[in-house]
Each structure stands twice: as C-alpha cells, then as structure tokens.
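Q:
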Amino acid sequence: MNTQDTNAPRTIAQYLDQLRAALRGADPALIQDALYDAEEHLRAELAEQPGRSEAEMLAHVVGSYGAPEEVAELYRDQEIKIQRALRPPPAPKRRSLTGRFFGVAADPRTYGAMFYMLLSLATGIFYFTWAVTGIALSAGFSVLIIGVPFVVLFFGTVRALSLVEGRIVEAMLGVRMPRRPPYPEQAAMSLMKRIGAMFTDARTWSTLFYMLLMLPLGVVYFTLTVTLLSLSVGFIGAPFAWLFSDFESRVTVDFGFGAHTPGIGDALALSLIGIGLLFTTLHLVRALGLMQGDIAKHLLVRGSAD
C-alpha cells in the first residue's frame, strides 16, 4: 500500500511521465495521442475543480480515468483492434520470384502509394509556398508589434498542416500517424514562456523542414510516376497501334544492319517490355511510399524527431 502511495502521481506532469514510461516501446504516434488525451482530460478536470490541488484531483480522477499503467494498456489494446480493422486484407504469400514480382498488383498499398505520388506535386507546392511565405512574413513582421502574434499563428498553422499530412500519409501509405497534436507540456507556463518553448521545440523545425522538403520530393515522385506509367501504357498498347496504323508503308527503321519495317512481332515484344516496365513501376512506387512514410514518421511525429 505504501509503495502504491509513493508511486502515485502528485501532479499532471508526473502522471504524463508515468504514462509515457508505461507506453515505452509503443508507436510514437500512439504515445503522442495518448499523452494529448490524458493532458486534455486532466486539465479539464482540474479546471472544473478549482478548489482542489492537482494531487487531490488526481487521486479522485485516477479511479475513473485510470492509473497510467491501466491507461497505457487500454491504448495498446485499442490500437491493436483499430489496426486490425483498418488493415487491408493481406495479399497471399508468394514464394516464387515471378509470383512476388507480379503480386505487387494485388497489394492495395501499391495503389495508395501511387495516388500519393501523383498528389505529392500539388501538396509539395502548397507546403513549400506556405512555409516560405510564412517564414518571410514572420521575419518581416518581427520588427512590428504584430510580429509575435503572427509567428504564433504561423506556427499553429504549420502544426495543423502536419496533422493533415499525417492523415494523408496514414490513409494512402498505411503508416501510423498522430491523430492528435502534441500535448502541451508547458500548459502551466506563461504565454511568453510557451511561445519560447514553441521556438525551441525540435518538432516545430522538423515540420517546417518537411514542408520545404516536399517540393523537390513531390517533383521527383510525380515525374517518375507519370513518366514510367505513360511509357508502360504506351508500350503495352503497341500492338493496337500497329493494327490500326499503316506502319508498313510509313515507318522504316535502320539500326545499321539494313532497313527494317516494324511488324506485329516488334509490337508484341514492345508490349511485353511495357508489361515488365509497368510492374517494375509498381514496385518502385511501393518502395517510394515506404520511404516517404519513414520520412513523415521521423519528421512529423513527436518523439521521432526529438
């Protein structure tokens, strides 16, 4: 009994530290969500009971909300159930090299990654423009009285956009991302100290870096995907082009070994090359999706970038 009383959290900060310790090893996005929910609930309870200290409030609330270890176990169980519900049906395992090569077409995440690659140019331009404009205006307004409010507002929009990007990444790439913003560790601080904490938070700058990085990445993703898909479809359609076009009378190729008029055999060979290129493109898109998921996880999730 004495051990339990000694270990019981006396402040909200202690409760959050114990909850973070109980969730050690879990996904950083899950930890961020759990800490935010606990912080929000406990501070709401404290605001509704102004006559009680944090220790008294926690002693009362822990019985209903749960001890840090109980809350951590609940979040772990819920995460397993949610991931099972959201996870697409697993593709059948293929042992042969041919089966694995062509089996990528049966993976739903392949098409999610493809749509992300096509969307990344638009989102990359938007993120880059927003970040550069915000940084430039923040620097320009810093000498004016509206400078500090503008910077706080800009950083707030950056964090909101990181949540939006997280939802896109999780939906299309299948990477677990936060569904809550970072919990406000400095909620009890004064306004100026909280602003200072925002400037010193590594996640603020890693999120800005992510937004700037998305422009070149978006250009590469979009260009590779569109170019390779276009080539693949064009090659696959070569037999149809041969059937409906008068190649024999208008097209002659000379490779240095004499003139050659492309025939149906050439068109079929090109079509086979196009099929191979298409599935290679799907593998490349899937790999780029996995890489992008790791980048987003590292730069946008608290605990990964710290």
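So the sequence shown is numbered by the UniProt record's numbering: it starts at 1 and just counts up by one.
All C-beta atoms in this analysis are idealised placements derived from N, C-alpha and C, irrespective of residue type, glycine included.
Determine the closest residue to residue 299 out of 238, 211, 272 and 241, with distance taken between C-alpha atoms.
A: 211
Q: Write down every uninterrupted run of the alpha helix (DSSP H) in the region 193-243 whose length is 4 residues or greater and which is fully enclosed by it, in chain order.
A: Within the region 193-243, the complete alpha helix (DSSP H) runs of at least 4 residues are 202-236 and 238-243.
Q: Measure the Cβ-Cβ separation of residue 112 and residue 172 and say whether it is below 8 Å.
A: yes
Q: Since I believe residue 176 is in contact with residue 30 (beta carbons under 8 Å), could you give me their beta-carbon distance rounded to a whole number of angstroms?
A: 7 Å
Q: Based on Cα-Cα distance, which residue from 152, 182 and 153 lies nearest to residue 163?
A: The shortest Cα separation from residue 163 among 152, 182 and 153 belongs to 182.
Q: Mind the definition here: the region 134-153 touches the region 218-236 only if three or more C-beta pairs lie below 8 Å; say whether that holds.
A: no
Q: Using beta-carbon positions only, say whether residue 293 and residue 217 come within less than 8 Å of one another.
A: no
Q: Measuring only the C-alpha atoms, how far is residue 32 from residue 280?
A: 37 Å
Q: Pull up the distance between the alpha-carbon of residue 231 and that of residue 273, whole angstroms please.
A: 10 Å
Q: Between residue 108 and residue 87, what straight-line distance do the alpha-carbon atoms span, to the nearest angstrom?
A: Between residue 108 and residue 87, the C-alpha separation is close to 10 Å.
Q: Assuming contact is defined by CB atoms lying nearer than 8 Å, are residue 222 and residue 117 in contact in what I supplied?
A: yes
Q: Flag residue 151 as yes if its beta-carbon sits less than 8 Å from any beta-carbon of chain C, otherwise no.
A: In the structure shown, chain C cannot be found, because there is only a single protein chain.
Q: So, does the region 64-73 touch the region 126-135, judging by three or more C-beta pairs under 8 Å?
A: no
Q: If you count every other CB in all the chains shown that lies within 10 Å of the CB of residue 77, and 16 or more means buried, which is it?
A: That one is exposed.
Q: Hey, how far is the Cα of residue 54 from the Cα of residue 286?
A: 49 Å
Q: Taking Cβ positions, are residue 52 and residue 12 nearer each other than 8 Å?
A: no
Q: For residue 3 and residue 174, what's the separation of their Cα atoms in angstroms?
A: Confidence is the limiting factor: at residue 3 the pLDDT is only 43, short of 50, which leaves the residue's position unreliable, though a coordinate-based value still follows. Going by the C-alpha atoms only, they are around 42 Å apart.
Q: Buried or exposed for residue 50, please, with buried defined as at least 16 other CB atoms from any protein chain shown within 10 angstroms of its CB.
A: exposed
Q: Quick check for students: name the residue ranges of the alpha helix (DSSP H) that lie wholly in the region 126-183, counting only runs of 4 or more.
A: 147-173
Q: Counting only the same chain and skipping the five closest in sequence on each side, list residues whose C-beta sits under 8 Å from that of residue 170.
A: Once the five neighbours on either side are set aside, the close Cβ partners of residue 170 are 176 and 177.
Q: Determine the DSSP secondary structure at residue 28, reduced to helix, strand or coil.
A: helix
Q: Residue 306 to residue 156, Cα distance in whole Å?
A: Confidence is the limiting factor: at residue 306 the pLDDT is only 47, short of 50, which leaves the residue's position unreliable and the question unanswerable from this model.
Q: Just the Cα atoms here: how many angstroms apart are residue 1 and residue 37?
A: Only weak support exists for where residue 1 lies, its pLDDT of 39 falling under 50; the coordinates are left without a value.
Q: Considering Cα atoms alone, identify which of 41, 121 and 208 is closest to residue 158.
A: When each option's Cα is compared against that of residue 158, the closest is 208.
Q: Once the 5 residues before and after residue 46 are set aside, which same chain residues still bring their CB inside 6 Å of it?
A: 57
Q: In this structure, how does DSSP classify residue 8 when only helix, strand and coil are distinguished?
A: coil
Q: If I follow the unbroken alpha helix (DSSP H) through residue 23, where does it start and stop?
A: Looking at the DSSP string, residue 23 is not in any alpha helix (DSSP H), and its letter there is neither H nor E.
Q: For a test of the three-state rule: what should DSSP assign to residue 305, helix, strand or coil?
A: Low local confidence applies: a pLDDT of 45 at residue 305 is under 50, so the model's placement there is unreliable, with the coordinate-based value given in what follows. For residue 305, the secondary structure class from DSSP, reduced to helix, strand or coil, is coil.
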